[in-house]
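Position in the sequence shown (from 1) plus 3 gives the number in the numbering used here.
Take a look at the structure below.
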Amino acid sequence: MDQLSFEAGAFYVMDRGYLDFARLYKLHLASAFFVTRARKRFAFQRLYSQPVDRATGVICDQIITLVNPVPRKGYPEKLRRIRYFDSQKNQRLVFLTNNFSLPPLTIAQLYRSRWQVELFFKWIKQHLRIKNFYGTSENALKTQIWIAISVYVLVAIVKKELHLEGSLYRMLQICSVTLFEKTPILQALSLADDQTTLDDLCKQLILFN
4 MDQLSFEAGA FYVMDRGYLD FARLYKLHLA SAFFVTRARK RFAFQRLYSQ PVDRATGVIC
64 DQIITLVNPV PRKGYPEKLR RIRYFDSQKN QRLVFLTNNF SLPPLTIAQL YRSRWQVELF
124 FKWIKQHLRI KNFYGTSENA LKTQIWIAIS VYVLVAIVKK ELHLEGSLYR MLQICSVTLF
184 EKTPILQALS LADDQTTLDD LCKQLILFN
C-alpha cells in the first residue's frame with residue numbers, strides 16, 4: 004500500500020491482512036474509499052446505528068470510532084461498520100469502510116466482487132504459469148505479467164463471441180500447439196472435442212503452460 008498512488012473517488016477493496024489504520028487513513032485523506040474486513044478482536048465505540056433491511060443479509064450498519072490509543076491515533080475519524088450474513092457460505096462478515104453514502108448491501112457486494120478477482124488471478128497462476136521471467140527490470144516483469152493476463156482475456160472474449168464449448172484451459176492448449184499453423188481459429192478450436200487429435204498435437208512444445 005505504501006507504493007500505491009491513491010486515486011480520488013476510487014474504491015480499494017482488501018482483506019483484513021491489510022488492516023493498518025494509519026495506512027487506511029492516508030487513503031482516506033486522498034479522498035479515496037476502502038472496504039476491508041474487521042478482525043475478530045476489534046475494539047470500537049458505536050456512535051449510532053442506521054436502519055437496515057435484514058432480508059438482504061445486512062445485520063447492522065453502524066457509525067463507530069476506534070477505542071484503543073494506537074489505532075485511534077492512526078485513524079482519528081469515524082468509520083462505518085457493517086455486519087453481513089453471507090447465506091451462500093453460511094458466514095457472518097464484518098466490514099469497515101470510510102464510505103457513508105452507499106447502501107450497506109452495496110458495500111458487502113463490493114467485497115464479494117473481490118473474490119471473483121482472486122479467482123481470476125488464481126486461474127492465471129494455475130493455467131498461465133510464468134515459470135521464467137525474461138527480464139529483471141520492473142518494466143520487463145510487468146510487461147510479461149500483463150501479456151499473460153491479456154492472453155486470458157482474449158481467449159475468454161473469443162470463447163464468448165464464438166459461443167464455444169470447452170474450458171478456457173483447453174482452448175489455450177489448442178492455441179499453443181497450433182500457434183504457427185495456418186489453421187482457421189474455428190477449425191483449430193473444434194479440436195476441443197477430439198481428444199486423440201489434441202493429444203497428438205500436444206506432443207509439440209506448449210508455449211503457455
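Where is the CB? At the ideal position from N, CA and C, for every residue including glycine.
Because the structure is a prediction, the values reported are computed rather than measured.
- Separation of K76 and Y114 (C-alpha to C-alpha, rounded to the nearest whole angstrom) is 26 Å.
- DSSP places V154 in the uninterrupted alpha helix (DSSP H) bounded by 141-164.
- For the 7 Å CB-CB criterion, I110 and V38 form a contact.
- Taking 4 residues as the minimum length, the alpha helix (DSSP H) runs contained wholly in the segment 34-98 are 72-77, in order along the chain.
- The Cβ atoms of F36 and V70 lie no closer than 7 Å to each other.
- DSSP places Y15 in the uninterrupted beta strand (DSSP E) bounded by 14-17.
- Within the same chain, no residue comes within 6 Å of I148 by CB-CB distance, once the 5 residues on both sides are set aside.
- With fewer than 16 other Cβ atoms from the protein chains shown falling within 10 Å of its own Cβ, D89 counts as exposed.
- With a cutoff of 7 Å on beta-carbon distance, L192 and I177 are scored as near each other.
- In this structure, the CA atom of L171 is about 14 Å from the CA atom of I188.
- In the structure shown, T109 adopts helical secondary structure according to DSSP, grouped into three states.
- Around the Cβ of P72, a 10 Å sphere holds fewer than 16 other Cβ atoms; the residue is exposed.
- H130 has its alpha-carbon roughly 18 Å from the corresponding atom of L144.
- Close CB contacts of T181 within its chain, under the 6 Å cut and outside five residues either way in sequence, are with A191 (chain order).
- Of the residues R84, T68, Q94, Y87, the one whose Cα lies closest to the Cα of Y78 is T68.
- Contact annotation: Y51 and I62 have beta-carbon atoms that are not nearer than 7 Å.
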